[in-house]
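*Asks:* One structure, as structure tokens, below. Some questions next.
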């Protein structure tokens, strides 16, 4: 092969390489746009970009937000443990759990643990409620988390919120794979909130569907109590006095 | 044909490198660390192990790409073996393709080994994880490494090993931010937004290969995601290697 024909071949390969690069590059860009449009892209840290101490956390993780969330979880547990053992002062706990659950929106254990720790030890029920609401919004089909949210209202320090508790217990009972006690807790909460008609229907559902004979008997007893209360026109006959829950902190 | 011969030699050279053994040991050590940290994780040891196990595939693979992939051509220039090779009837694009195939095969073997070790550890601990989800996570991590390897091979054909490593690491970092760049572009003034959007298109869209969140939750991804990621990886690799080949054609070895 002469030098001239070799040069021509190389020129041809050069042109072909550029043509290939342009064609495949355009196709790659089109595919990237399609992926960005069609795939559910979790953008875990978008709002964290505005937090003073959480700025740029996700970009800094270089795509390893889950691993960063794990480290944040370890840190959160350490933070809780340190302050639980010493001063019971949990000033940064809401922020730590917010960053953690923003990094890993489906980390349901973090919502439940953080929610109860904030409400009980942190004495910041509003922050606990926000965290649990964020968890339920991010995991709308998680029955366990909905139940935990209901339970948070059920043991709300300073005064139970039985209506909100019942709302989330019922929601948990309607979701796939509900905790077995969700329907019973919903009925119990409604009954003690004074909503006897709803409670009666929920107990009837427990009686009809529970595989547990003890629970069916319990539902029957509660339904009897509600019927007696209705007959006597004394609603308090079907309601129990529930003590105000609290938590004993170690000093 | 010649590309496969070069690929075979590159693969053999890479897996025989002591670095590869070191990377495997580092991967095993990282898995061991997850087990030490498990008691501190309040029952979330499974999640910790899956997350860090998958991250280790990606990060240790990047380490191999930076240390081996960016010096693939420079090493042959140092040893002067490239003169023997290119004086034969081997087209330069075939040479680059062979180099990429070889290192990608080694990276896929690494991903499989670390993914297998992770699966064995999970099985040994009795932690239930969706096998399909884990396999998909390892597959996408392998695709990500194939894309980064193509970038490294391109730079190695154009520049020195140190500069190639810096360029590759830079593109890897910006590639991980491509989604954020696109989101920022939407909030910028139109002219600046177009420039930032174009930059997001040019850099490798690496978040497309990240399903660690899903694997940690035991959820598989969709066939559409896998198809788009595979198609994107193939076209991006073809584009980058073609650019490298175009520049390599013009390179004067004197």
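Protein chains in written order, with the working numbering: chain A, 13 to 263; chain B, 1471 to 1724. For every residue, glycine included, the Cβ atom is placed at its ideal position computed from N, Cα and C. It should be emphasised that the depicted structure is a prediction, and the values quoted were computed from it without experimental measurement.
Can you tell me whether DSSP reads residue 136/A as helix, strand or coil?
*Replies:* Looking at residue 136/A - three-state DSSP - the assignment turns out to be coil, as it is neither helix nor strand.
*Asks:* In the structure shown, what three-state DSSP assignment does residue 1528/B receive?
*Replies:* Residue 1528/B falls in the helix class under three-state DSSP.
*Asks:* Using the rule of at least 16 other Cβ atoms within 10 Å of the residue's Cβ for burial, across every protein chain shown, is residue 1577/B buried or exposed?
*Replies:* Its Cβ being crowded by 16 or more others within 10 Å, residue 1577/B is buried.
*Asks:* For the pair the segment 1670-1678 of chain B and the segment 1615-1633 of chain B, tell me if three or more CB-CB distances fall below 8 Å.
*Replies:* Segments in contact, yes.
*Asks:* Is the distance from the Cβ of residue 86/A to the Cβ of residue 1510/B below 9 Å?
*Replies:* For residue 86/A and residue 1510/B, yes; Cβs fall inside 9 Å.
*Asks:* Mind pulling the chain B residues with CB within less than 9 Å of residue 25/A?
*Replies:* Ordered by position in chain B, the residues that pass the 9 Å Cβ test against residue 25/A are 1561, 1562, 1563, 1715, 1716 and 1719.
*Asks:* With burial defined as no fewer than 16 other Cβ atoms inside 10 Å of the residue's Cβ, what is the status of residue 1602/B: buried or exposed?
*Replies:* Residue 1602/B comes out exposed.
*Asks:* Give the residues of chain B in contact with residue 125/A, contact being defined as C-beta atoms less than 8 Å apart.
*Replies:* Those within 8 Å of residue 125/A in chain B are 1512.
*Asks:* Anything in chain A within Cβ reach of residue 1646/B, meaning under 7 Å, just list it in chain order.
*Replies:* Residues of chain A passing the Cβ test: 74 and 75.
*Asks:* Just mark residue 1680/B as buried or exposed, buried being the case when its beta carbon has 16 or more other beta carbons within 10 Å.
*Replies:* So residue 1680/B counts as buried.
*Asks:* Would a check of beta-carbon distances place residue 181/A closer than 9 Å to chain B?
*Replies:* Output row for residue 181/A: interface = no.
*Asks:* Threshold first: 4 residues or longer. Then list the alpha helix (DSSP H) segments lying entirely within the segment 113-195 of chain A, N to C.
*Replies:* Segments of the alpha helix (DSSP H) lying fully in the segment 113-195 of chain A: 120-132, 137-150, 155-166 and 174-186.
*Asks:* Distance, Cα to Cα, residue 1591/B vs residue 1530/B?
*Replies:* Spanning the two alpha carbons is a distance of roughly 18 Å.
*Asks:* Would you report the Cα separation of residue 1582/B and residue 1616/B, rounded to the nearest angstrom?
*Replies:* Their backbone Cα atoms lie some 13 Å apart in a straight line.
*Asks:* Using DSSP with H/G/I as helix, E/B as strand and the rest coil, what is residue 271/A?
*Replies:* Nothing in the structure corresponds to residue 271/A, since chain A is present only between 13 and 263.
*Asks:* Closer than 9 Å, CB to CB, is residue 148/A near chain B or not?
*Replies:* Chain B contact via Cβ: absent.
*Asks:* I want to verify the contact list: residues of chain E whose CB lies under 7 Å from the CB of residue 40/A, in sequence order.
*Replies:* The question asks about chain E, but that chain is absent: this structure's protein chains are A and B.
*Asks:* Kindly indicate which three-state DSSP category residue 1552/B falls into: helix, strand or coil?
*Replies:* Helix, per DSSP.
*Asks:* How should residue 162/A be labelled, buried or exposed, when 16 other C-beta atoms within 10 angstroms of its C-beta is the threshold for buried?
*Replies:* By the neighbour-count rule (16 or more Cβ atoms within 10 Å), residue 162/A is buried.
*Asks:* Looking at the C-beta of residue 1524/B, does it have a partner C-beta in chain A at a distance below 9 Å?
*Replies:* Residue 1524/B counts as touching chain A.
*Asks:* Would you kindly work out how many angstroms separate the C-alpha atoms of residue 247/A and residue 230/A, rounded to a whole number?
*Replies:* Spanning the two alpha carbons is a distance of roughly 19 Å.
*Asks:* Taking the beta carbon of residue 1660/B as the centre, do at least 16 other beta carbons fall within 10 Å, making it buried, or is it exposed?
*Replies:* By the 10 Å Cβ count, residue 1660/B comes out exposed.
*Asks:* Does the distance from the CB of residue 165/A to the CB of residue 156/A come in under 9 Å?
*Replies:* Going by C-beta atoms, residue 165/A is not nearer than 9 Å to residue 156/A.
*Asks:* Expressed to the nearest angstrom, what Euclidean distance is found between the alpha-carbon atoms of residue 1486/B and residue 1545/B?
*Replies:* Those two C-alpha atoms are separated by around 15 Å.
*Asks:* For the alpha helix (DSSP H) that contains residue 1699/B, what are its first and last residues?
*Replies:* 1693-1720 is the extent of the alpha helix (DSSP H) around residue 1699/B.
*Asks:* List the residues of chain A that residue 1678/B touches, going by C-beta distances under 8 Å, in chain order.
*Replies:* Residues of chain A passing the Cβ test: 44, 47 and 51.
*Asks:* I need the DSSP call for residue 197/A, collapsed to helix, strand or coil.
*Replies:* Of the three classes helix, strand and coil, the one that applies to residue 197/A here is helix, per DSSP.
*Asks:* Would residue 1504/B pass as a contact of residue 1518/B if the rule is Cβ separation under 9 Å?
*Replies:* Taking 9 Å as the Cβ cut-off, residue 1504/B and residue 1518/B qualify as a contacting pair.
*Asks:* Along chain B, in chain order, which residues have C-beta atoms closer than 7 Å to that of residue 37/A?
*Replies:* Under the 7 Å cutoff, chain B gives 1709.
*Asks:* Helix, strand or coil for residue 1681/B, going by three-state DSSP, please let me know.
*Replies:* The answer is coil: DSSP assigns residue 1681/B none of H, G, I, E or B.
*Asks:* How about residue 218/A and residue 240/A: are their beta carbons less than 9 Å apart?
*Replies:* Contact: no.
*Asks:* For a test of the three-state rule: what should DSSP assign to residue 1600/B, helix, strand or coil?
*Replies:* Residue state, collapsed to three classes: coil.
*Asks:* Measuring only the C-alpha atoms, how far is residue 1637/B from residue 1540/B?
*Replies:* When rounded, the distance between both Cα atoms is 9 Å.
*Asks:* Could you spell out where the alpha helix (DSSP H) holding residue 221/A opens and where it closes?
*Replies:* That run of the alpha helix (DSSP H) goes 208-221.
*Asks:* I need the boundaries of the alpha helix (DSSP H) containing residue 1474/B, first residue and last residue.
*Replies:* Here the alpha helix (DSSP H) through residue 1474/B covers 1472-1486.
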